[in-house]
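Heads up: the sequence shown begins at 1 in the UniProt record's numbering, then just goes up one per residue.
First up is the structure itself, then whatever we jot down about it.
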Amino acid sequence: MKDIDNIHPGVAIIIFDKNKKVLLQKRADVELWGIPSGHVEIGESVMEAAIREVKEETGLSICITRLIGIYSDPKSQVFEYPNGTTTHFITTYFEGEVIEGEINCSSDETLELCYFGIEALPENILPMHPQWLKDALCQQDRAFIR
């Protein structure tokens with residue numbers, strides 16, 4: 001395994017529209033599509049971070065509807081950024097529901113936003129996100145721990 005520079009708590013939030021299409025964000029940092037996600041800031045809960053990250057990256061106001069899982073396996077949660085920094089994320093993954101707003105790409109972290117059908121996901125998607133999508137669609141009562 002690569003040397004890891006730091007560890008961060010993270011959040012990811014899956015949002016479906018009324019037709020069960022999933023909202024994906026093309027991220028500016030890695031130029032890949034993925035479920036909206038980000039870091040927990042000092043002094044905030046994971047739910048507060050999730051709501052804030054979605055607002056910042058998509059323009060949408062959401063409420064959290066369920067916990068899907070906690071993801072910490074270094075095989076899928078260690079990232080090397082273009083600047084050479086390697087970070088291990090412990091990610092709390094939620095489902096959110098839009099309560100207000102329209103999607104917009106005004107964030108520097110977002111290149112594009114689009115709803116995709118489950119069978120029509122973009123090819124250039126972050127490697128762990130197809131598994132996260134499967135977990136969200138599973139609708140099991142207990143949260144995943146991966």
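All C-beta atoms, glycine included, are put in the ideal place defined by N, C-alpha and C.
From which residue to which residue does the alpha helix (DSSP H) around residue i run?
{"i": "Leu137", "result": "129-138"}
{"i": "Arg52", "result": "46-58"}
Once DSSP output is grouped into helix, strand and coil, what is the label at residue i?
{"i": "Ser76", "result": "helix"}
{"i": "Ile14", "result": "strand"}
{"i": "Glu109", "result": "coil"}
{"i": "Ile118", "result": "helix"}
{"i": "Asn19", "result": "coil"}
Please go through the same chain and pick out, in chain order, the residues whose beta-carbon is closer than 8 Å to the beta-carbon of residue i, but skip the five residues on each side of it.
{"i": "Asn104", "result": "Thr58, Gly59, Leu113"}
{"i": "Pro130", "result": "Leu121"}
{"i": "Ile7", "result": "Thr87, His88, Phe89, Ile90"}
{"i": "Leu32", "result": "Lys26, Asn124, Ile125, Leu126"}
How many whole angstroms separate the CB atoms of residue i and residue j, which I take to be in contact at a CB cut-off of 8 Å?
{"i": "Ile70", "j": "Ile145", "result": "5 Å"}
{"i": "Gly38", "j": "Gln25", "result": "Not confirmed; about 10 Å, so no contact."}
Just to confirm the assignment, what range does the beta strand (DSSP E) spanning residue i have?
{"i": "Tyr93", "result": "86-100"}
{"i": "Val22", "result": "22-27"}
{"i": "Ile68", "result": "61-71"}
{"i": "Gly43", "result": "No beta strand (DSSP E) holds Gly43; DSSP gives it neither H nor E."}
Going along the chain, which residues of its own chain have a beta-carbon closer than 6 Å to the beta-carbon of residue i, five neighbours each way excluded?
{"i": "Tyr81", "result": "none"}
{"i": "Cys63", "result": "Glu97, Ile99"}
Go through its chain and collect everything with a Cβ distance to residue i's Cβ below 7 Å, but skip five positions before and after it.
{"i": "Met47", "result": "Ile64"}
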